[in-house]
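Contents: one structure, followed by commentary.
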Amino acid sequence: MAFTWQSILLTCGAALAVLACAPSAASGAVLQPGIYPYLNATSVGVDANDQSVIIGSTTWQDRLLLQETAYKESWWMMIRDADVVYPKKNEVGYKISCIKILDQRRDGKNGEVKVKEGGVSYNHVLLRFHSQRNHGLNYLVQVYGH
């Protein structure tokens, strides 16, 4: 898969890297721009239609904090939305080191995901999924940390 990456460094007391993934014509993956301190986002699609993305990386001390499926059936002429939140109510949030968003459909019509709050190096994350019109969602989300 061929991607073009842009990195912009901002200084606000700490250097933050803004990563934007602009898919090539051969790729169907979409990664929305976001501010992620000291990390890389990698598309892990096995073919042009796989929209899987890994944000961050894991080490030997990390463990699986959350595994959840973002699934919505398709409705005619509708865009479906789903949210995945870590930690759940009344849970203690651990520091997140890696977020894996794995495409379960692999047909290139799964939609997009945005990190709305938190993320890697935080103890919380809110992922918002949007489907394409007339299509549903089916992603497996795995959050790792310590």
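Read in order, the letters of the sequence shown are residues -28 to -1, 1 to 118 in mature numbering (1 follows the signal peptide of the UniProt record, and there is no 0).
Glycine residues also receive a C-beta, built at the ideal position from the N, C-alpha and C atoms.
Is Ser69 near Val92, with beta carbons less than 8 Å apart? Yes, the Cβ-Cβ distance between Ser69 and Val92 is below 8 Å.
Taking all protein chains shown into account, decide if Arg35 is buried (16 or more other Cβ within 10 angstroms of its Cβ) or exposed. Arg35 is exposed by the Cβ-count criterion.
Taking the straight line between their C-alpha atoms, what separation do you get for Asn62 and Arg100? Cα to Cα, Asn62 sits roughly 21 Å from Arg100.
Range covered by the beta strand (DSSP E) that runs through Gly117: For Gly117, the enclosing beta strand (DSSP E) starts and ends at Leu109 to Gly117.
Tell me the DSSP secondary structure of Arg35 in three-state form. Shown here, Arg35 sits in a strand according to DSSP, grouped into three states.
Considering only DSSP beta bridges, list what Ile68 is partnered with. When beta bridges are read from the DSSP output, Ile68 appears opposite Gly117.
Report buried or exposed for Asp75, applying the criterion of at least 16 other Cβ atoms within 10 angstroms of its Cβ. Classification for Asp75: buried.
Assuming residue 121 and Val113 are in contact, meaning their beta carbons sit under 8 Å apart, how far apart are those beta carbons, in whole angstroms? Nothing about residue 121 can be reported from this structure: the residues present for the chain run from -28 to 118 only.
So Asp55 is in the beta strand (DSSP E); what residue range does that whole segment cover? Start and end: Asp53 to Tyr58.
Does the distance from the CB of Arg78 to the CB of Asp22 come in under 8 Å? Asp22 sits close to Arg78, with the two beta carbons spaced by under 8 Å.
Using 8 Å for Cβ pairs, my map puts Glu40 next to Gly108. What's the rounded Cβ distance? Going by Cβ atoms, the distance from Glu40 to Gly108 rounds to 16 Å, so no, they are not a contact pair.
Taking the CB atoms as reference points, tell me whether Ser103 and Ile73 lie closer together than 8 Å. No, the Cβ-Cβ distance between Ser103 and Ile73 is not below 8 Å.
Applying the criterion that 16 or more other CB atoms from any shown protein chain within 10 Å of the CB defines a buried residue, is Val56 buried or exposed? Result: buried.
For Gly90, which residues from the same chain have a beta carbon less than 6 Å from its beta carbon, with the 5 sequence-adjacent residues on both sides left out? Listed in chain order, the non-local C-beta contacts of Gly90 below 6 Å within the same chain comprise His96 and Val97, local neighbours out to five positions each way being set aside.
Ignore the nearest five residues each way along the sequence and tell me which others in Lys81's own chain have a CB closer than 7 Å to its CB. Exclusion of the five residues before and after Lys81 leaves Gln104 and His107 as the residues of its chain whose Cβ lies within less than 7 Å of its Cβ.
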